[in-house]
Every structure is written in C-alpha cells, then in structure tokens.
Amino acid sequence: MCGITGWIDWQSDLTKAQPVLAGMVKTLAARGPDAEGMYFASHAALGHRRLSVVDLEGGKQPMLRRRGDRTCVVVYNGELYNTPELRRELAGCGHTFFTTSDTEVLLLAYMEWGEACVDKFNGIFAFAVWDEQAQQLFLARDRLGVKPLFYAERGSGLIFGSELKALLAHPAVKPEIDAEGVAEVFMLGPARTPGHGIFRGVAELKPGWCMVYNREGKRLWPYWSLVSQPHPDDFRTTVQTVRDLLQDAVHRQLVADVPVCTLLSGGLDSSALTAFAAQSCREAGQDRLVTYSVDYVDNDKYFRATSFQPNDDAPWVERVANYFNTCHRRIVLDNTELADALAKATVARDLPGMADVDTSLLLFSREIKKGATVALSGECADEVFGGYPWFRQPDMIDADTFPWSRLVKMRTTWLSPEVRAAIRPEEYVADRYREALAEVPRLPGEDARAARMREIFYLSLTRFMPTLLDRKDRMSMAFGLEVRVPFCDHRLVEYVWNVPWEMKNYQNREKGLLRCALAGLLPDEVLWRRKSPYPKTHNPAYLDKVRAEALARLSDPASPLRPLVDEAKIREMAHSDFAVSPLPWFGQLMGGAQLFAYLIQVDTWLRHYRVQVR
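To convert, note that position 589 of the sequence shown is 590 in our numbering; the numbers rise steadily by one, no gaps.
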C-alpha cells in the first residue's frame, strides 16, 4: 500500500509549494517506507509515499502518462485484483504498457474510460488523477472503504490525503473541532458518521464515491451502492456461489512480488482464508504458507468465557496451523507494552480508537512486518454473513439505536454538564441513527422481521465495519504492512446482501451459510466452533495500569480532557463493578478497561494534535 496527498489551488503557483507538500508527504512515510515522489504544476501539487508490492521498479509514483496533447498524473493507494483482465482490455483499445504495475493500469483506465473507470475495478483503492488539459482532479475510493481518503476545501483550493495528519500538515487546516466533532468522539466513538472528518471543515470521501474538483468547485456522487432485490438461487446454489466467490477473492489477493502471509485466529473466517491460501501455494509449487497469530502474556491464566468471547483462541490456532501444514509464528504481546502503545495507536489513527484492540494490532503488525509485507485477514465476514451478537440477541436486534453501542444514557454521564448542554448527546445519536435507517435500500414485500434484519446488516456494513477497517488500515500501515480483506470483495458482498436471513442463519448458527459453504475445507470442529472475536488481554494488570493512568491524567490541571468530562463520575466508575464488568459499551470487546484506555487516547489526541474545541 501507499500514502497519497495533494493540493489544488486556482490562485497560487504551486510550483513554489515544495516545502508545504514535502511536509505533508513526510507524515505518510510509515505508509510508504520504500520511496517518495512529488509532482508540481501551476495549480496542482501531488505527493506519494510508496510501499512496493507489485513491480518494485516500474510502479513508482506520481505516475505520468501522455496521450496526444493530454497529460494525466496519478497518485494511488491500493491494489487492483483484476489487473490482468484490465490490461487485456486496455491493450485492445490501443494502449501500450511500460510496466507490470496496477498503477499504470489504473491510470490508463481513467484516460480511456474517464469517470466510469471505477465501475471496472475490483480492488481496494483511494486515488487522485490530475488532468492537466482539463484542469481538474478526479478522486475515488473503493466500494467498501478499505482504503481511506480525507479532504478539506480551503480558500481557492482543495487539500487531500490518505490520513488526517497529512491535511493537518498544511498551514490552512487547523486542528479544531466543534460541538459535532465532540459528539462524534464521545457519543459515537470510536465509530464515525460516514464522511465525517471530525476536525472542522474536514470530510472523508465516502466508500463507493467519486469527486471531481475543478474551477467550478466540487462535484460528488456515489458510483456504487447496495441494491436490494429478490434472491434467485436455491440454497445449494447459494452455498456453492459463496464458496466460489470467496475462493476467487483469496486467489486474486495472493498476488504480490513480496512475502505474503495470513492472520490466523483459529476461527472460521481466518481458517477459511488460510485453507484457500495454503491450497493456492501448493498448486503453485510455492513454499509453505506462513501464518501469524497473536496472544498475550498470561492470558491462559486469566481468560474467562463470556457470551461475547466464549473460548480462547490459542488451542484452535495450533490445530488449524497443523492441519494445513503452515509455517506458523505465534506473537505474544506484553500487557505493559500494550498499555504504553495507546499513544502510538492514537497517532497512527489520528483519532481516539479501539483502545487495546488497536494497540494489539499495532504491535502485532510490527512483528509481522519483520517477515512479510502483505497479509490476508478475515475482517468483515461478521458484517457480511451475520456473525455478531446483534444479529441474534432479541434485545440487540430490537434496540432503537446502534446495537453495538446501546449504552447511550450511560455514555452521557461521562460528559461534563457544559458538554452535555452543547452537544445534546442523546439527540445527536438518535439523529445519526435515523439518518442511517433512512439510507437502507428496502425490498418491497419483505415482512417486518426480514426488513429489520436487512437494517441490521446495513448498519453493520456502513457504520460498524468502517471502524474495523480504519483500525486495520492505520495500525498495519503504521509499519508498512499491507493487509488485504477478501471478505470485502464487492462481488461477494453484493451477492450475500440479498440472501434471505433464513439461509444466512443456516442451522440457527451465526454465519451458518458461510459454515455450510466451507464444509469439507475445514475440520468439522473448526467449522462449527462458536464465534470468538479478535482476542484481547484478560490480565487484570492491564486494567490496573490503564485505570491508574486515566485517573492520573484527570488529576493533571493541564489535561485538555478535564473540561469535557465529569471527573467525579469517572472516578466513581473506576472503583465500581463497571471497571471489571465484561459488558461492552462499544462492540464486543470494549468494557471497563477499554473505557479508561479510551480516555487516555482522547487525552493523548487532544494534547498531541493541540486540538482546539470551538
């Protein structure tokens, strides 16, 4: 993967903007440790940091191509998984290739098909093409939002980048938030409203959207969205189609000129990817597949099963690795380092995140990078196939709010009276929830229960999944590790979206359809293992450390967190049953310890970015 950034300004000579652009590019060095490039024209400045994955020599960026009197330049972050098909089609249109990189394919696709090029792409991407003749910038983001892209209009121009830190490196973008930004952080966080950039006047290009920016201003539109329609296939055909689509996605996403591995938890999703990847390696005559798992010091001593985390991963990882004869590497993280990395994870995400769920992936990615550059992950299978508790538990299904964040009233108690008055927290969450429901593509004739399940799937795909994709992208790219997510293949998502809940819920099991589709590929005990989420530490030492740190920060008169929260309430919660309760206030894993870690991250964020609340 890579990092992209740039600046369009109609009233400035950007050929003289090298110091500003260089500063923006520098912030993205971790995303692209292998090379740096910049392009300048009178009104356009584009920057790039490269992580070399395919065509290590020929894929340098910014990449420029001329055709007649037309010159186009691209900066691109992503991978196209249908590059061979696109190359053949473009060659048939008369194009000549000078590299084997997908960057060149993407740029020529834009020059051939214009804005419609995105309809042909199968991949994960965020890119910007500057058309010198037309004097316009074209921006696009992949359908599910695997790769990020933020932007801000300032004065006579547009500033964009892969991460918020690139925009904040520009002198025109200030680290300011208003009441809406505060509400996003404290009431929806670590999730975000789609398109919301948290900082004032900063937006994120939504998944599946494009933008054209020229002298007339900006034009935004969606090129892809979920479409609800009757599912035409019987169960047997559905099962086979799911298996075929997933296998094809894995096969396509193994393509790289650098070492590739899979992340293995011993659960259904990661085991399926490992099975298909190991099979592809054998068929190609390659070395044994390398797999990685994560665990924590003394987790075997302190793990206690809950409805949200029913069993420990470690024995299952070993079983699957042995079954598929992978070269397995187990990474064990220290709890002290896990807490100490909260600040690093905050800076990597540019926002308060998922506490130790973030830091564990950050440290895990650091270790993986020592042996691989590309990893396949089972992220997003739960949103696509219905794996979370809120697909099954009646109180969560029927919740009149986001089902992974039902403790709205409790979250308001953490806030200072002044903040509560300014943001109207419960009203803010209710408005965002109603907006989300209004977007759901309905299927005429569905009964009430089927319609509600469609809502739950839509909410999960568009409001919860982006939080995990942000986590996956930022924590991995902080060490130049490219993580691919085959379950986000848009063909698979489109197909499963319209499969009736009765099929998805085969044998009344979470992800029952997926389990049936993987029959014969995985050992039965793995195939029907109860879902267990990404592992977290259960060591009480972690709770003790983050609780003490959070309270110490609240005791600091200089803490920017203090005016925003109800200090007395948080101190009360720190010494109550809430602190040790397994009941999550967000998702499946964020309980008492994670609240204190989240407050540490908020405080770190406010300090590091010198955030001003306006």
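Each residue gets a CB set at the ideal place from its N, CA and C atoms; glycine is no exception.
Using a C-beta cutoff of 8 Å, does residue i count as contacting chain C?
| i | result |
| --- | --- |
| leucine 15 | Checking the listed chains, one finds no chain C in this structure; it contains a single protein chain. |
Buried or exposed: where does residue i fall if 16 or more other Cβ atoms within 10 Å of its Cβ makes it buried?
| i | result |
| --- | --- |
| glutamine 595 | buried |
| serine 366 | buried |
| threonine 97 | exposed |
| asparagine 323 | exposed |
| valine 333 | exposed |
| glycine 196 | exposed |
| phenylalanine 128 | buried |
| leucine 15 | buried |
| cysteine 73 | buried |
| leucine 151 | In the sequence under discussion, the amino acid at residue 151 is phenylalanine, which differs from the leucine named in the question. Its Cβ being crowded by 16 or more others within 10 Å, phenylalanine 151 is buried. |
| threonine 238 | exposed |
| asparagine 326 | exposed |
| alanine 46 | buried |
| glutamate 284 | exposed |
The alpha helix (DSSP H) that contains residue i, what's its start and end?
| i | result |
| --- | --- |
| valine 259 | Looking at the DSSP string, valine 259 is not in any alpha helix (DSSP H), and its letter there is neither H nor E. |
| alanine 141 | Counting along the chain, alanine 141 falls outside any alpha helix (DSSP H), though it belongs to the beta strand (DSSP E) covering 137-142. |
| lysine 473 | 466-478 |
| tryptophan 502 | 502-505 |
| histidine 232 | Run containing histidine 232: none; DSSP gives neither H nor E here. |
| serine 577 | Here serine 577 belongs to no alpha helix (DSSP H), and DSSP marks it neither H nor E. |
| asparagine 83 | Premise fails: asparagine 83 is in no alpha helix (DSSP H) and is neither H nor E. |
| tyrosine 610 | Unbroken run through tyrosine 610: none, as it is neither H nor E. |
| tyrosine 434 | 426-440 |
| glutamate 105 | 103-114 |
| glutamate 284 | 269-284 |
| glutamate 58 | Premise fails: glutamate 58 is in no alpha helix (DSSP H) and is neither H nor E. |
Tell me the rounded alpha-carbon separation between residue i and residue j.
| i | j | result |
| --- | --- | --- |
| tyrosine 82 | alanine 451 | 34 Å |
| valine 130 | proline 223 | 17 Å |
| proline 20 | arginine 350 | 25 Å |
| aspartate 299 | lysine 219 | 54 Å |
| valine 614 | isoleucine 178 | 5 Å |
| valine 500 | phenylalanine 458 | 11 Å |
| lysine 61 | glycine 38 | 8 Å |
| alanine 376 | lysine 345 | 21 Å |
| histidine 236 | asparagine 506 | The residue you asked about is not histidine; residue 236 is phenylalanine in the sequence shown. Those two C-alpha atoms are separated by around 12 Å. |
Who are the Cβ neighbours of residue i in its own chain at under 7 Å, not counting the five residues just before and after it?
| i | result |
| --- | --- |
| phenylalanine 403 | Tyr434, Leu460 and Arg464 |
| isoleucine 601 | Leu343, Val547, Glu550, Ala551 and Arg554 |
| alanine 180 | Ala423 and Ile424 |
| asparagine 336 | Tyr297, Val298, Thr538, Asn540, Ala542 and Tyr543 |
| isoleucine 160 | Trp8, Tyr152, Ala153, Leu168, His171, Ala173 and Val174 |
Sorted by chain position, which residues of the same chain lie with C-beta nearer than 6 Å to residue i's C-beta, five sequence neighbours on each side aside?
| i | result |
| --- | --- |
| serine 157 | Asp10, Trp11 and Gln12 |
| aspartate 143 | Ile125 and Phe126 |
| phenylalanine 139 | Val130 and Val213 |
| alanine 518 | Val240, Val243 and Arg244 |
| glycine 379 | Asp270, Ser271 and Leu274 |
| leucine 145 | Pro208 and Cys489 |
Could you check where the beta strand (DSSP E) with residue i kicks off and where it finishes?
| i | result |
| --- | --- |
| glutamate 154 | 151-155 |
| arginine 67 | 64-68 |
| isoleucine 5 | 3-10 |
| phenylalanine 126 | 124-132 |
| phenylalanine 161 | 158-162 |
| glycine 218 | 218-223 |
| asparagine 215 | 210-215 |
| leucine 377 | 375-377 |
| glutamate 483 | 483-485 |
DSSP beta-bridge partners for residue i?
| i | result |
| --- | --- |
| tyrosine 543 | Note: tyrosine 543 sits in no beta bridge, so no partner. |
| valine 291 | Cys262 and Cys328 |
| tyrosine 40 | Leu47 |
| glutamate 177 | Gln613 |
| alanine 520 | Leu523 |
| alanine 204 | Tyr152 and His197 |
Closer than 8 Å by C-beta to residue i: which residues in its own chain qualify, once you throw out the five before and the five after it? Chain order, please.
| i | result |
| --- | --- |
| serine 226 | Gly209 and Pro442 |
| leucine 109 | Arg66, Leu91, His96 and Phe98 |
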